[in-house]
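Asker:
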Amino acid sequence: MEAEVREPERIVVIDLLYMGDLLFATPFFRNLRQKYPEAKIDLIVNANFYDIIEDNPHFDEVYAYDKDWSITKSIQFARQLRSNDYDLGLNIHGNWRTAILLRIINPDYNVGYGTKGRGIWLDRSLVSSENKHMVEVYLDFLRELGFSGLDDKGLELEIDPQAEESMEEFLASQGITEAERLVGLNTGGSWPTKQWMQEGFAQLADRLRWDYDSRVIFFGGPGDVERVEEIAAQMETEPVIAAGKTGLKELAALASFCDLFISGDTGPVHVAAAVGTPTIAIFGPSDETKYQPYGDQHQVVKTELNCRPCGEHHCPEEHHNCMADITVEDILEIVEEGM
5 MEAEVREPER IVVIDLLYMG DLLFATPFFR NLRQKYPEAK IDLIVNANFY DIIEDNPHFD
65 EVYAYDKDWS ITKSIQFARQ LRSNDYDLGL NIHGNWRTAI LLRIINPDYN VGYGTKGRGI
125 WLDRSLVSSE NKHMVEVYLD FLRELGFSGL DDKGLELEID PQAEESMEEF LASQGITEAE
185 RLVGLNTGGS WPTKQWMQEG FAQLADRLRW DYDSRVIFFG GPGDVERVEE IAAQMETEPV
245 IAAGKTGLKE LAALASFCDL FISGDTGPVH VAAAVGTPTI AIFGPSDETK YQPYGDQHQV
305 VKTELNCRPC GEHHCPEEHH NCMADITVED ILEIVEEGM
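Mind the numbering: the sequence shown is residues 5 to 343 in the working numbering, read in order.
#1: Confirm, please, whether the CB-CB distance from residue 96 to residue 53 is below 9 Å.
#2: Rounded to a whole number of angstroms, what is the C-alpha to C-alpha distance between residue 302 and residue 24?
#3: Buried or exposed, going by whether 16 or more other CB atoms sit within 10 Å of the CB of residue 337?
#4: Anyone know if the C-beta pair for residue 46 and residue 88 falls short of 9 Å?
#5: Quick one: what does DSSP say residue 6 is sitting in, helix, strand or coil?
#6: Identify the residues that DSSP records as bridge partners of residue 48: which are they?
#7: Counting only runs of 4+ residues fully inside the stretch 225-294, write out the alpha helix (DSSP H) ranges in chain order.
#8: DSSP on residue 84, reduced to helix/strand/coil?
#9: Comparing alpha-carbon positions, which option in 170, 227, 299 and 134 lies nearest residue 253?
#10: Leaving out the 5 sequence neighbours to the left and right, which residues in its chain are closer than 7 Å to residue 261 when beta-carbon positions are compared?
#11: Going by C-alpha distance, which of 305, 38, 160 and 161 is nearest residue 200?
#12: How big is the Cα-Cα spacing for residue 12 and residue 141?
#13: Looking at the unbroken alpha helix (DSSP H) that takes in residue 170, where does it start and where does it end?
#14: Compare the Cα-Cα distances from residue 109 to each of 148, 17 and 324 and report the closest residue.
#15: Is it the case that the stretch 282-293 contacts the stretch 208-222, given that we only count it when at least three CB pairs across the two stretches are under 8 Å?
#16: Which term fits residue 125, buried or exposed, when burial requires 16 or more other beta carbons within 10 angstroms of its beta carbon?
#17: Taking 6 Å as the limit between beta carbons, can you name the residues of its chain near residue 106, skipping five residues before and five after?
#18: Alpha helix (DSSP H) containing residue 128: first to last residue?
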């Protein structure tokens, strides 16, 4: 890249995937800013996850793009950003939508992944690394552009002070004191195949209360409320239910108060990791090599079935044993080591 854009003054990064992917990219964002401390660097993100990244200190502007917008609205959005006159565009995922948007925004020089014919929209096409964690995939993107001496300080997420205060008040309202051990459980998943069994979560929550004298708090969005209520109804102890009661900023703040966070492979477990909370991630169809919580203080529970990781939204074998075969004892064995 040095030959094409020696010192870009205006850079735009586009990342429209999910919350976990966005957090995996935070080391990329940090190293990009360290390389170009004086540049104007902007980010375009999926509007659903804007709140989790808007306070990131490495960007001058963060723009929210709604993936439900019409083609006309999307073009209008991109043309408005075109007036920013970017020197460099970085497309770190490389799907068709981001490639076309970036071409309309029209930076002087576009770089991204060019698989499946998408390289026609780029000035420089990169090849994505295989069998690496996504954090390393994103850092390899920078290495391909000539970056060296990259720091690997892990994920990064700013905690909003107002959200932190609000969650302190919420915990106090539930009778939870600073002296108590707090374990967060997140039961949802973007695919049904990523969700562990309801009865497993109910038994796990009871055991955490009985065996480790821990207060258990259930996390989740509005779509998880019914599932959490069904799990709580199967329990013998009384959990704290935060599902449906927090936005993304509150999720991050509340996760930061937890001593441990247990979840399937979904965004909230990466939020917990990003705010420094140890996690246990329950992996079924997805590939932990690429997507496990990033860092040494995080653990994975998985089966050794030959059919996983399949990456499918519906079990091709019709048994879902990659999740069904994971037991409460499998998870408590790791809890015991950490507690």
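All C-beta atoms, glycine included, are put in the ideal place defined by N, C-alpha and C.
Answerer: Answer, in terms of the structure:
#1: In the sequence shown, counting from the first residue as 1, residue 53 sits at position 49. In the sequence shown, counting from the first residue as 1, residue 96 sits at position 92. No, the Cβ-Cβ distance between residue 53 and residue 96 is not below 9 Å.
#2: Counting from 1 along the sequence shown, the entry for residue 302 is found at position 298. Counting from 1 along the sequence shown, the entry for residue 24 is found at position 20. So the two alpha carbons sit approximately 15 Å from each other.
#3: By one-based count along the sequence shown, residue 337 stands at place 333. Answer is exposed; the Cβ neighbour count stays below 16.
#4: To locate residue 46, count along the sequence shown from 1; it is residue 42. To locate residue 88, count along the sequence shown from 1; it is residue 84. Yes. Within cutoff.
#5: In the sequence shown, the residue the question calls residue 6 occupies position 2. Low local confidence applies: a pLDDT of 44 at residue 6 is under 50, so the model's placement there is unreliable, and no value is given.
#6: For the purposes of this step, residue 48 is taken as the residue at position 44 of the sequence shown. DSSP, once it has assigned bridges, lists 18 and 67 as partnering residue 48.
#7: 229-237, 252-260 and 271-278
#8: Here residue 84 refers to the residue found at position 80 of the sequence shown. Residue 84 falls in the helix class under three-state DSSP.
#9: Taking the sequence shown and counting its residues from 1, the one referred to as residue 253 is at position 249. For the residues 170, 227, 299 and 134, the minimum Cα distance to residue 253 belongs to 170.
#10: Working through the sequence shown from its first residue, we reach residue 261 at position 257. Hits under 7 Å: 171, 175 and 186.
#11: Numbered from its first residue, the sequence shown carries residue 200 at position 196. Ranking the options by Cα distance to residue 200, first place goes to 305.
#12: Sequence index remark: in the sequence shown, residue 12 carries index 8 (1-based). Sequence index remark: in the sequence shown, residue 141 carries index 137 (1-based). Whole-angstrom Cα-Cα distance: 23 Å.
#13: Here residue 170 is taken as the residue at index 166 of the sequence shown, counted from 1. Unbroken alpha helix (DSSP H) run through residue 170: 165-177.
#14: For this step, residue 109 is matched to residue 105 along the sequence shown. Residue 109 has its Cα closest to that of 17, out of 148, 17 and 324.
#15: no
#16: Within the sequence shown, residue 125 is the residue found at index 121, counting from 1. Residue 125 should be labelled buried.
#17: In the sequence shown, counting from the first residue as 1, residue 106 sits at position 102. Counting only Cβ-Cβ distances below 6 Å, and skipping sequence neighbours, we find 18, 93, 95 and 114.
#18: Counting from 1 along the sequence shown, the entry for residue 128 is found at position 124. No alpha helix (DSSP H) contains residue 128, which is instead part of the beta strand (DSSP E) from 128-130.
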